[in-house]
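K.L.:
Please see the structure below; I have some questions.
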Amino acid sequence: MIIVCCTFVFVSAIVQETLFKDMQNSEHTRTKKDQQSLETKFQLYTDTTEEGCQILFNQLETLDKCSFNASLPLVMIVHGWSVDGILEDWIWKMAAALKSQDKQINVIIADWLTFAHQHYPIAVQNTRHIGQEIADFLEWLEESIQFSRSNVHLIGYSLGAHVSGFAGSYISGTNKIGRITGLDPAGPLFEGMSPTDRLSPDDANFVDAIHTFTKQHMGLSVGIKQPVAHFDFYPNGGTFQPGCHIMHVYNHIAQYGITGITQTVKCAHERSVHLFIDSLLHNDKQSTAYWCNDINTFDKGMCLSCRKNRCNTLGYNIREERLPKSRRLFLKTRARMPFKVYHYQFKIHFINEIQGKQIDPTFSISLTGTKEDAKNLPITLVEGINGNKTYSFLITLDTDIGELIMIKFKWEGTAVWENIWDTVQTIIPWTKGTRRPGLIVKTIRVKAGETQQKMTFCSQSIENIHLYPAQEKTFVRCEDRFRRQEK
Ligand SMILES: *[C@@H]1O[C@H](CO)[C@@H](O)[C@H](O)[C@H]1NC(C)=O
Ligand SMILES: *[C@@H]1O[C@H](CO)[C@@H](O)[C@H](O)[C@H]1NC(C)=O
Numbered sequence: 001m002i003i004v005c006c007t008f009v010f011v012s013a014i015v016q017e018t019l020f021k022d023m024q025n026s027e028h029t030r031t032k033k034d035q036q037s038l039e040t041k042f043q044l045y046t047d048t049t050e051e052g053c054q055i056l057f058n059q060l061e062t063l064d065k066c067s068f069n070a071s072l073p074l075v076m077i078v079h080g081w082s083v084d085g086i087l088e089d090w091i092w093k094m095a096a097a098l099k100s101q102d103k104q105i106n107v108i109i110a111d112w113l114t115f116a117h118q119h120y121p122i123a124v125q126n127t128r129h130i131g132q133e134i135a136d137f138l139e140w141l142e143e144s145i146q147f148s149r150s151n152v153h154l155i156g157y158s159l160g161a162h163v164s165g166f167a168g169s170y171i172s173g174t175n176k177i178g179r180i181t182g183l184d185p186a187g188p189l190f191e192g193m194s195p196t197d198r199l200s201p202d203d204a205n206f207v208d209a210i211h212t213f214t215k216q217h218m219g220l221s222v223g224i225k226q227p228v229a230h231f232d233f234y235p236n237g238g239t240f241q242p243g244c245h246i247m248h249v250y251n252h253i254a255q256y257g258i259t260g261i262t263q264t265v266k267c268a269h270e271r272s273v274h275l276f277i278d279s280l281l282h283n284d285k286q287s288t289a290y291w292c293n294d295i296n297t298f299d300k301g302m303c304l305s306c307r308k309n310r311c312n313t314l315g316y317n318i319r320e321e322r323l324p325k326s327r328r329l330f331l332k333t334r335a336r337m338p339f340k341v342y343h344y345q346f347k348i349h350f351i352n353e354i355q356g357k358q359i360d361p362t363f364s365i366s367l368t369g370t371k372e373d374a375k376n377l378p379i380t381l382v383e384g385i386n387g388n389k390t391y392s393f394l395i396t397l398d399t400d401i402g403e404l405i406m407i408k409f410k411w412e413g414t415a416v417w418e419n420i421w422d423t424v425q426t427i428i429p430w431t432k433g434t435r436r437p438g439l440i441v442k443t444i445r446v447k448a449g450e451t452q453q454k455m456t457f458c459s460q461s462i463e464n465i466h467l468y469p470a471q472e473k474t475f476v477r478c479e480d481r482f483r484r485q486e487k
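Counted from 1, the sequence shown has number 332 at position 332 by the UniProt record's numbering; the numbering is strictly sequential.
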């Protein structure tokens, strides 16, 4: 059903792409500031009114009337393509969350619904015009009330991300606006375009983006895949999000009728918004993301480093660091708010005593921390165990277990496994009377992403390091013992 919907939405985009290309070539002709009113409505969000207070371009008295405070920073929320022509619920949630985190800001909602409630390619074409209007509006604030553009943070969702990019690039003068956040910036008609035709790191002093729905369908994805910012976040790999899976389509349809299909598509796309809101609402649960080449490497737990700007905080409280090249950051999340999980890399050295025979065991692991325990976490190794090698994998926990003090490592296996074992025994006989071969696991090395702590765990009994199916072994902290051995 997702397929039907995406086809419906975006194939019409492809059909009209030719039309769009023609229109794009004709420069947008409006000469700036030659008109007193703008198409975009700028609503100052207040806790007290439902609608917000409208600030009118070139009408200073409306700034007073709405109590715009020029000495405070301005955060402007820019919505995206509109299917139904009304402001979506998340906009008010975002505005309220911004105010709750820090009352000392002005929050403006840039309402460009009449230009966004169009066929997708037309709405795309309008993004430049609206970007220009936002630039005009900001210049007017600077000229009339000594407001500084470096105090501006544009938060744009979907098409709104590119609107924000155009606003940043059209504002005149050499200084840039402070920050742009792109929330799942739109993909169709922007993917692969030159930096001047989409959101890019040049558009503000600092640009960050969260990519949540880049799953491809017929060569297109709803959200843009390529990096467009200084820091590009790809939660759960950025293609799709937990809790948005197809089985939920039926719940959504039960709840919303046929529009439930759109709800499901929106789920992953709009997740970018809710991740950002989460960062405002849960100060104690800030999500860390880590620099990595790709999600497969990340899934092996190999990217949990914070050295030299390799990690950053997702959302409002990001560390604003300008680096010469875009950084793609990865993280896992929960399916619901608060989204934060705790990332761990586990490195286990296995010696497979059955020479030449690869085995594909299933393991589970139980962790004891100073605050909490986490029991029976499944471990899936992507490759079978062969010979004598270290394997690395990622484990995520929903809760903060404190400092890790003990690990129980279990080779999941029942009678079935024992049977296989017996078969193996007859095929590959070993010297009678000696113990049967198993896996040797001496140490488990752990790195906690969130604390950057590295720990080593050793088998509790040094004599008994062999692991067999259905067995569980306990590992305890042994940094000292381990260092002594290394010397
Ligand atoms: C504007 O904000 C500043 C800084 O918080 C504050 O000192 C000042 O009173 C505010 N002005 C108005 C008119 O509210
Ligand atoms: C495993 O490999 C290491 C180094 O690669 C070697 O020192 C060790 O003897 C090997 N152990 C076994 C049981 O093959």
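Built from N, CA and C at the ideal position, the CB exists for glycine as well.
1) Just tell me which of Cys66, Ser71 and Ala95 has its CA closest to the CA of Val78.
2) Based on Cα-Cα distance, which residue from Ile379, Ile395 and Phe393 lies nearest to Trp411?
3) Kindly indicate which residue of Glu143, Lys176 and Ser158 has the alpha-carbon position closest to the one of Gly223.
4) When DSSP labels each residue in this structure, what does Cys267 get in the three-state scheme?
5) Taking 8 Å as the threshold, find out whether the stretch 270–280 comes into contact with the stretch 175–185 through three or more Cβ pairs.
6) Let me check understanding here. Comparing Cα to Cα, which of Phe166, Leu63 and Ala123 lies closest to Thr196?
7) Ordered along the chain, which non-local residues of its own chain (more than five positions away) have a Cβ less than 7 Å from that of Arg319?
8) Just curious, the alpha helix (DSSP H) that Pro378 is in, first and last residue?
9) From Thr29 to Glu191, what distance separates their C-alpha atoms?
10) For Pro235, which of helix, strand or coil comes out of DSSP?
11) Tell whether a beta-carbon distance below 7 Å holds between Pro235 and His282.
12) Closest to His162 by CA distance: which of His153, Gly178 and Leu199 is it?
13) Out of Gly156, Asn352 and Ile395, which has the shortest C-alpha to C-alpha gap to Ala448?
14) Excluding the 5 residues flanking Lys176 on each side, which residues of the same chain have their C-beta closer than 6 Å to its C-beta?
15) Taking the straight line between their C-alpha atoms, what separation do you get for Asp299 and His119?
16) Am I right that Leu329 and Asn309 are in contact with their C-beta atoms under 8 Å? What's the rounded C-beta distance?
17) Inspect the CB distances between the stretch 36–44 and the stretch 97–105 and report whether three or more fall short of 8 Å.
18) Report yes or no: is there a C-beta of chain B within less than 7 Å of the C-beta of His274?
19) Could you spell out the range, first to last residue, of the alpha helix (DSSP H) harbouring Gln132?
20) Let me know if Ile365 comes out buried or exposed under the rule of 16 or more other beta-carbons within 10 Å of its beta-carbon.
21) Ignore the nearest five residues each way along the sequence and tell me which others in Lys32's own chain have a CB closer than 7 Å to its CB.
22) For Val228, does the count of other Cβ atoms within 10 angstroms reach 16, so buried, or fall short, so exposed?
23) Going by beta carbon distance, what residues of the same chain come within less than 7 Å of residue 488, once the five residues before and after it are set aside?
24) Could you tell me the boundaries of the alpha helix (DSSP H) in which Met94 lies?
25) May I ask whether a heavy atom of ligand 1 can be found less than 6 Å away from the beta carbon of Gln101?
26) Under a Cβ-count criterion, where at least 16 other Cβ atoms within 10 Å of its own Cβ denotes burial, should Asn25 be classed as buried or exposed?
27) Cβ of Asn69 within 6 Å of any heavy atom in ligand 1?
28) Does DSSP classify His217 as helix, strand or coil?
29) Determine the burial state of Thr212: buried for a count of at least 16 other Cβ atoms within 10 Å of its Cβ, exposed for fewer.
P.N.:
Once the coordinates are examined:
1) Minimum Cα distance to Val78 is reached at Ala95.
2) Ranking Ile379, Ile395 and Phe393 by CA distance to the CA of Trp411 puts Ile379 first.
3) Nearest option by C-alpha distance: Ser158.
4) Helix.
5) Put simply, the stretch 270–280 touches the stretch 175–185. At least three CB pairs are less than 8 Å apart.
6) Per the Cα distances, Phe166.
7) Closer than 7 Å at the Cβ level, and outside the excluded window around Arg319, lie Asn312 and Thr313.
8) Segment Asp373 to Ile379 is the beta strand (DSSP E) holding Pro378; no alpha helix (DSSP H) there.
9) The predicted position of Thr29 is uncertain, since its pLDDT is 42 and thus under 50; a value taken from the coordinates is nonetheless stated next. Each residue's Cα considered, the two are about 25 Å apart.
10) Pro235 falls in the strand class under three-state DSSP.
11) Taking 7 Å as the Cβ cut-off, Pro235 and His282 do not qualify as a contacting pair.
12) Nearest Cα to His162 within the set His153, Gly178 and Leu199: Leu199.
13) Residue Ile395 is the option with its Cα nearest to Ala448.
14) Answer for Lys176: Ala204 and Asn205, listed in chain order.
15) Taking C-alpha positions only, Asp299 is separated from His119 by approximately 39 Å.
16) Contact flag wrong, Cβ pair sits at about 10 Å.
17) Short answer: they don't touch.
18) The question asks about chain B, but that chain is absent: this structure has only one protein chain.
19) Gln132: member of the alpha helix (DSSP H) spanning Tyr120 to Ile145, first to last residue.
20) Taking a 10 Å sphere around the C-beta of Ile365, we find 16 or more other C-beta atoms and assign the residue as buried.
21) Note that Lys32 scores a pLDDT of 46, beneath 50, so its modelled location is shaky and nothing firm can be said.
22) Of the residues assessed, Val228 falls on the buried side of the cut-off, its CB having 16 or more other CB atoms within 10 angstroms.
23) As shown, the chain starts at 1 and ends at 487. That puts residue 488 outside it, with no answer to give.
24) Met94: member of the alpha helix (DSSP H) spanning Asp89 to Gln101, first to last residue.
25) The nearest non-hydrogen atom of ligand 1 is 6 Å or more from the C-beta of Gln101.
26) Low confidence applies to Asn25: its pLDDT is 37, below 50, so where it sits in the model is not reliable, and the reading given next is rough at best. The residue in question, Asn25, is exposed, as its Cβ has fewer than 16 Cβ neighbours within 10 Å.
27) Remark: the shortest separation between the CB of Asn69 and any heavy atom of ligand 1 falls under 6 Å.
28) His217: strand per DSSP, three-state reduction.
29) It counts as buried.
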